[in-house]
Structure formats: structure tokens, C-alpha cells
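**Q** Residue numbers for the sequence shown, in our numbering: 27 to 144.
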Amino acid sequence: QVQLVESGGGLVQAGGSLRLSCTASGSIFSINVMGWYRQAPGKHRGLVAAITSGGSTNYADSVKGRFTISRDNAKNTVYLQMNSLKPEDTAVYYCNDWVVATNPFGSWGQGTQVTVSS
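The structure is reproduced here in C-alpha cells:
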């Protein structure tokens, strides 16, 4: 299982943009679905966006039209471009292999904090 490190979070004003990166310690070429997830204080972690090895994408309704997920298998990296950020996007963001994420015993990285001020 590859190790994943998230980066790119920070403090931004509402309406601003951030690009998150998820870099793997090994190849992600064979991982069919990679996803970005987020967990806000007091809430469960949930899927934000997912991308298959073929480039098909899926988004939570709350981020459609604002967030874009992409992957670069050559760089073993998955990205999340976040535009028109809202205070309700404030959360810790994680990336993971969808298979691992849906395993109740699956491991997670430390995530990256995104804070959107109003």
C-alpha cells in the first residue's frame, strides 16, 4: 500500500482558490479510483471528488462546478483545484485510494487543513 501525503492547504478568504496535492510514495498507476475527502469539525469524513484511472470524475453536489480533481500518474500525484471557496468548505482534506477509504480499518494520512474566512 502506498503512503499518501497531502499538501497545499491554508487560510483563504471566501471566493478565493487553493490547489491541493496528494503525492504517493509509489505508483498510483494501478489504483483505479483515487478520491479527495474532507472532515469538518464535528462531522463525518465524506467524499468530495473522485477520479478513475481513465479520467472519469465524480463530485459531491456541494462542490460541483467549483472543484476539479485531476491525476498525473507519471508524478504519482492527485490534485484538487478549489475555486470560489466558501466558509462551509473549511475542513481537513484527505486523499485516498477508494478501496482503502471504504475499508473501516483503512489507513489515512494526516490531511491538509483548509480554512475559508468570510
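Cβ coordinates follow ideal geometry from the N, Cα and C atoms, glycine included.
Note that this is a predicted model, so its numbers are computed, not measured.
Between Ser-144, Lys-101 and Gly-132, which lies nearest to Tyr-120 when the distance is taken from Cα to Cα?
**A** Closest option to Tyr-120, Cα to Cα, is Gly-132.
**Q** Can you tell which of Ala-50, Asn-99, Tyr-63 and Ile-77 has the C-alpha that lies nearest to the C-alpha of Val-31?
**A** When only C-alpha atoms are compared, the closest one is Ala-50.
**Q** DSSP three-state label for Asn-58, please.
**A** If DSSP states are grouped into helix, strand and coil, Asn-58 belongs with coil.
**Q** Taking one C-beta from the stretch 64-72 and one from the stretch 109-120 each time, how about it: are there three or more such pairs within less than 8 Å?
**A** Contact holds: three or more Cβ-Cβ distances are below 8 Å.
**Q** Per the DSSP calculation, Glu-182 is bridged to which residue(s)?
**A** Here the chain has residues from 27 to 144 only, and residue 182 is not among them.
**Q** Check each candidate in Thr-128, Glu-114, Asn-129 and Thr-103 and name the one with the smallest Cα separation from Arg-45.
**A** It is Thr-103 whose Cα lies nearest to the Cα of Arg-45.
**Q** Whole-angstrom Cβ separation of Thr-83 and Ile-95, contact assumed at under 8 Å?
**A** Indeed, because the Cβ distance is near 6 Å, the residues count as touching under 8 Å.
**Q** What does Asp-123 pair with, by DSSP beta-bridge criteria?
**A** DSSP lists Met-60 as partners of Asp-123.
**Q** Sorted by chain position, which residues of the same chain lie with C-beta nearer than 7 Å to Gln-139's C-beta, five sequence neighbours on each side aside?
**A** Excluding positions up to five away in sequence, the list reads Gly-35 and Val-118.
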